[in-house]
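Q: For the sequence shown, the numbering used here gives the first residue as -10, with consecutive numbering after it.
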Amino acid sequence: MQRNGYTLGYARSIRQPAGLVSGLLAFGILLSAQGVYSALPAYADPIFPPPAGTVQTPPEAANGLGSLQSIVPTRVRDTRDGIGGASGALGPGQGSVVAVAGVAGIPSTGVAGVAANVTVTEPTRPGYLTVYPSGVSRPLASNLNFDAGQTVPNLVVVKVGADGNIVVFNGSNGTVEFIVDVTGWYKAWIANTAPTVDDLL
């Protein structure tokens, strides 16, 4: 192909992808060297057209696996007044289990992780908080750092343990109060279950 005084060459495929159709259920997406996207529809065949009834309108992308399912921000733990557990400051080097699956509109199963605003308040010594899945070893990384007397919030995205809980660890030599406000959750694969149309889109 010649354009503006020079030759532009590209490989030509013998496969003929179907034209891009809005709302078409596609199991394959082709990207040409020119940056053109083409969709291969479900049951596509280069000779025979797809049978009637196989074209479906996809759901919203937010329903896909691993996508964030937003919820109204909900407080699931506050050590100051006992929301989601006993009241009282978290001691030095201690962890507190926080239930997230099955609360605040989050399903009890099929949850890979949650997005939450975690806040530390009234710390008596400088330190950090680490938020991680229950049932696993605590990672060395911190999610938020603080000085004595500070109130510090931070957005945390954390995997949920097999029991549906997360752990908040106090990495300081003093006591802290903390708050967990959940803002959304992430869908997980269900073991031994074939993906549905909703899962594939």
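Every residue, glycine too, gets a C-beta built ideally from N, C-alpha and C.
1. Below 8 Å, can you find three or more Cβ-Cβ pairs linking the segment 157 to 167 to the segment 108 to 119?
2. Using only CA atoms, which one of E111, R64 and S131 lies nearest to Q139?
3. Across which residues does DSSP place I168 in a beta bridge pair?
4. Can you tell me whether V73 is buried or exposed? The criterion is at least 16 other CB atoms within 10 Å of its CB, across all chains shown.
5. Using three-state DSSP, classify G173 as helix, strand or coil.
6. Is it a yes or a no for the segment 62 to 80 touching the segment 144 to 154, going by three-plus beta-carbon pairs under 8 Å?
7. In three-state terms, what does DSSP make of S126?
8. Can you round the beta-carbon distance between L79 and F135 to whole angstroms, since I take them to be within the 8 Å contact cut?
9. According to the Cβ coordinates, are S194 and A151 closer than 9 Å?
10. Can you tell me where the beta strand (DSSP E) holding I155 begins and where it ends?
11. Can you say whether N132 is buried or exposed, counting buried as having 16 or more other CB atoms within 10 angstroms of its CB?
12. Using a 10 Å radius around the Cβ and a threshold of 16 neighbouring Cβ atoms, would you call W178 buried or exposed?
13. In terms of residue numbering, what span does the beta strand (DSSP E) encompassing L79 cover?
14. Comparing alpha-carbon positions, which option in G94, A93 and V109 lies nearest A137?
15. When the distance is taken between beta carbons, is G173 closer than 9 Å to A90?
16. Buried or exposed: which applies to V87, given that a residue is buried once 16 or more other Cβ atoms fall within 10 Å of its Cβ?
A: On the basis of the supplied data:
1. Yes: at least three Cβ pairs fall under 8 Å.
2. Q139 has its Cα closest to that of E111, out of E111, R64 and S131.
3. According to DSSP, I168 shares a beta bridge with D67 and T108.
4. It is worth fixing the name first, because residue 73 is Gly in this sequence and not Val. G73 comes out buried.
5. Looking at G173 - three-state DSSP - the assignment turns out to be strand.
6. Segments in contact, no.
7. Of the three classes helix, strand and coil, the one that applies to S126 here is coil, per DSSP.
8. Rounded, the Cβ-Cβ distance is 13 Å, inconsistent with contact.
9. As displayed, the chain neither begins before -10 nor continues past 190, which places residue 194 out of reach and without an answer.
10. N154 to N159 is the span of the beta strand (DSSP E), which, as asked, contains I155.
11. N132 is buried by the Cβ-count criterion.
12. Burial is judged here by how many other beta carbons sit within 10 angstroms of a residue's own beta carbon; W178 has fewer than 16 and is exposed.
13. Segment: none, L79 is in no beta strand (DSSP E) and carries neither H nor E.
14. Of the residues G94, A93 and V109, the one whose Cα lies closest to the Cα of A137 is V109.
15. In this structure, A90 keeps its C-beta atom at 9 Å or more from the C-beta atom of G173.
16. Note on V87: 16 or more other CB atoms within 10 angstroms of its CB, so buried under the neighbour-count rule.
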